[in-house]
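Structure record follows, encoded as structure tokens.
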Amino acid sequence: MPSPDDKPLRVCSFESRRGAEMKSLIERHGAIATIAPSMREIPLTDNPAVFQFAEQLLAGGIDIVVFMTGVGATSLLESLETRYPRDLIFAALEKVCVVVRGPKPTAVLRGWGVRIDYRAQEPNTWREIMSIFDQSIPLQGRCVAVQEYGQPSVEFYHALTTQGATVLPVPVYRWALPTDIEPLRAAIRQTISGEFDLVMFTSAQQLHHVLQVAEEAGLRDQWLQAVHRDCLVASIGPTATETLSAAGLQVDIEPVHPNMGSLVKESIAAAETLLIAKKTGNHRRQAGQPER
Numbered sequence: 007m008p009s010p011d012d013k014p015l016r017v018c019s020f021e022s023r024r025g026a027e028m029k030s031l032i033e034r035h036g037a038i039a040t041i042a043p044s045m046r047e048i049p050l051t052d053n054p055a056v057f058q059f060a061e062q063l064l065a066g067g068i069d070i071v072v073f074m075t076g077v078g079a080t081s082l083l084e085s086l087e088t089r090y091p092r093d094l095i096f097a098a099l100e101k102v103c104v105v106v107r108g109p110k111p112t113a114v115l116r117g118w119g120v121r122i123d124y125r126a127q128e129p130n131t132w133r134e135i136m137s138i139f140d141q142s143i144p145l146q147g148r149c150v151a152v153q154e155y156g157q158p159s160v161e162f163y164h165a166l167t168t169q170g171a172t173v174l175p176v177p178v179y180r181w182a183l184p185t186d187i188e189p190l191r192a193a194i195r196q197t198i199s200g201e202f203d204l205v206m207f208t209s210a211q212q213l214h215h216v217l218q219v220a221e222e223a224g225l226r227d228q229w230l231q232a233v234h235r236d237c238l239v240a241s242i243g244p245t246a247t248e249t250l251s252a253a254g255l256q257v258d259i260e261p262v263h264p265n266m267g268s269l270v271k272e273s274i275a276a277a278e279t280l281l282i283a284k285k286t287g288n289h290r291r292q293a294g295q296p297e298r
């Protein structure tokens, strides 16, 4: 889909781990892709929280385990296997209620042969997990272990404790900036120069890192102003949307299904109309997408 001046749409994505796939998706839809990796996963190798989780799980002190990501679930098991037999961990998981946030941890646990009791519906946020608890699982007096992904989910933990649960966070990795941040710096400068029509975010943490690098370069306000002035903003789902909105950025496109393919397809399909509206002062969020 071209931009309003009939030139190919210029898209900047901050995807890291799946950057090559994102570039291919964008180009397949006829747009020009710039990939500026913004994140790096660092496993927590010296991680007493993982072994505290194992001790409580094996002792019967945990009632519910929530797996938030596939990568995190895999990292958790790999850490536990340095001290415990895999079969022992799986047998202990069979005795608790297992909840997963979305399709990736579902695939990992099914591959292990671990029973899944509940799976959150789209858009796969902590709110959908809380809906499961509200409808099916009383939390009063229960211990809920949560496999974290990157950073603690403070709002989720507050919601759990408000309903009487004890929360056991289980961090398995944290987010850091890429080793080479020059592509990210370059993308920030290109945004300020008006070289992009659309910026895409597949996680909230991407925005935190973009703003961190922009701040260090003395360009934070200029970058935010340039995005507001020149770019459409596409977000993969509610969590990223809330973070973007909190930073003062209007999210123009959020796909019906929170996955990368839908994000690219729906964003590029809607871009021409939305860019025309932006330039003529009739800017609206994509029809059918709720305000948050």
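Residue numbers (our numbering): 7 to 298.
Ideal Cβ positions, reconstructed from N, Cα and C, are used throughout, including at glycine.
Q. If you scan the segment 233-259 from start to end, which runs of the beta strand (DSSP E) of 3 or more residues do you find wholly inside it?
A. 238-241
Q | Unbroken alpha helix (DSSP H) run spanning Y163, endpoints | A | Here residue 163 refers to the residue found at position 157 of the sequence shown. Run containing Y163: 160-168, per the alpha helix (DSSP H) assignment.
Q. Going by Cα to Cα distance, which pick from Y124, M45, Q153, M74 is closest to L86?
A. Locating residue 86 in the sequence shown gives position 80, counting from the first residue. Among Y124, M45, Q153, M74, the Cα nearest to that of L86 is on Q153.
Q: Closer than 8 Å by C-beta to V102: which residues in its own chain qualify, once you throw out the five before and the five after it? Chain order, please.
A: Along the sequence shown, one-based indexing puts residue 102 at 96. Closer than 8 Å at the Cβ level, and outside the excluded window around V102, lie L63, I68, D69, I70, V71.
Q: Drop a sphere of 10 angstroms on the beta-carbon of R89, count the other beta-carbons inside from all chains shown, and report buried for 16 or more, exposed for fewer.
A: As a working note, residue 89 is residue 83 in the sequence shown. So R89 ends up on the exposed side.
Q) Of all the alpha helix (DSSP H) runs that stay within the bounds of the segment 101-154, which reach a length of 4 or more residues? A) 109-118, 132-142
Q. Could you give the distance in angstroms between the alpha-carbon of A37 and the alpha-carbon of P14?
A. The residue labelled residue 37 in the question sits at position 31 within the sequence shown. The residue labelled residue 14 in the question sits at position 8 within the sequence shown. If you take the alpha carbons of A37 and P14, they lie about 5 Å apart.
Q: Kindly provide the ranges of any alpha helix (DSSP H) runs that are 4 or more residues long and lie completely inside the segment 28-67, ordered along the chain.
A: 54-64
Q. Can you tell which of S159, T168, A192, P129 has its C-alpha closest to the C-alpha of D140?
A. Here the question's residue 140 lines up with position 134 in the sequence shown. Ranking S159, T168, A192, P129 by Cα distance to D140 puts T168 first.
Q | Straight-line gap, M74 to E272 (C-alpha atoms, nearest Å) | A | Within the sequence shown, the letter at position 68 stands for residue 74. Within the sequence shown, the letter at position 266 stands for residue 272. Approximately 25 Å between the Cα atoms of the pair.
Q) What whole-angstrom Cβ distance do V239 and L250 have, given they're in contact under 8 Å? A) As a working mapping, residue 239 is identified with position 233 in the sequence shown. As a working mapping, residue 250 is identified with position 244 in the sequence shown. Contact flag correct, Cβ pair sits at about 6 Å.
Q | Cβ neighbours of R121 in the same chain (closer than 7 Å, five flanking residues each side left out) | A | Indexing the sequence shown from 1 puts residue 121 at position 115. Closer than 7 Å at the Cβ level, and outside the excluded window around R121, lie E100, V104.
Q. Can you name the start and end residues of the beta strand (DSSP E) that V17 belongs to?
A. The residue you call residue 17 lines up with position 11 of the sequence shown. Run containing V17: 16-19, per the beta strand (DSSP E) assignment.
**Q.** Those residues which DSSP pairs with G156 across a bridge
**A.** Walking along the sequence shown from the start, residue 156 turns up at place 150. BP columns for G156 point to R180.
Q: Answer with buried or exposed for G156, where buried requires no fewer than 16 other C-beta atoms within 10 angstroms of its C-beta.
A: Stepping through the sequence shown from its first residue, residue 156 is reached at position 150. Answer is buried; the Cβ neighbour count reaches 16.
Q) Using the beta-carbon count (16 or more within 10 Å), is R285 buried or exposed? A) Walking along the sequence shown from the start, residue 285 turns up at place 279. According to the sequence as given, residue 285 is Lys; it is not Arg. It is exposed - the Cβ of K285 has fewer than 16 other Cβ atoms within 10 Å.
Q.
Buried or exposed for T247, going by 16 or more other Cβ atoms inside 10 Å?
A. Taking the sequence shown and counting its residues from 1, one reaches residue 247 at position 241. With 16 or more other Cβ atoms within 10 Å, it is buried.
Q. So what's F202 in DSSP terms, helix, strand or just coil?
A. The sequence position of residue 202 within the sequence shown is 196, counting from 1. In this structure, F202 counts as coil in the three-state DSSP scheme.
Q: Rank D93, G117, A98, Y124 by C-alpha distance to the C-alpha of G108 and give the top, closest one.
A: Locating residue 108 in the sequence shown gives position 102, counting from the first residue. Among D93, G117, A98, Y124, the Cα nearest to that of G108 is on Y124.
Q.
The beta strand (DSSP E) that contains V72, what's its start and end?
A. What you label residue 72 is simply residue 66 of the sequence shown in a count that begins at 1. Looking at the DSSP string, the run of the beta strand (DSSP E) that includes V72 is 70-73.
Q: Please state if the CB of I48 and the CB of Y179 are separated by a distance shorter than 7 Å.
A: Residue numbering aside, residue 179 sits at position 173 when the sequence shown is read from its first letter. Residue numbering aside, residue 48 sits at position 42 when the sequence shown is read from its first letter. Result yes, Cβ atoms of Y179 and I48 sit closer than 7 Å.
Q | Sheet register partners of L299 (DSSP bridge) | A | Outside the displayed range of the chain (7 to 298) lies residue 299, so it cannot be described from this structure.
Q: Could you name the residues that DSSP lists as bridge partners for E207?
A: The sequence position of residue 207 within the sequence shown is 201, counting from 1. As written in the sequence, residue 207 is Phe, which differs from the Glu given in the question. Answer is S241.
Q) Going along the chain, which residues of its own chain have a beta-carbon closer than 6 Å to the beta-carbon of S19, five neighbours each way excluded? A) As a position in the sequence shown, residue 19 is number 13, starting the count at 1. Excluding positions up to five away in sequence, the list reads M28, I41, M206.
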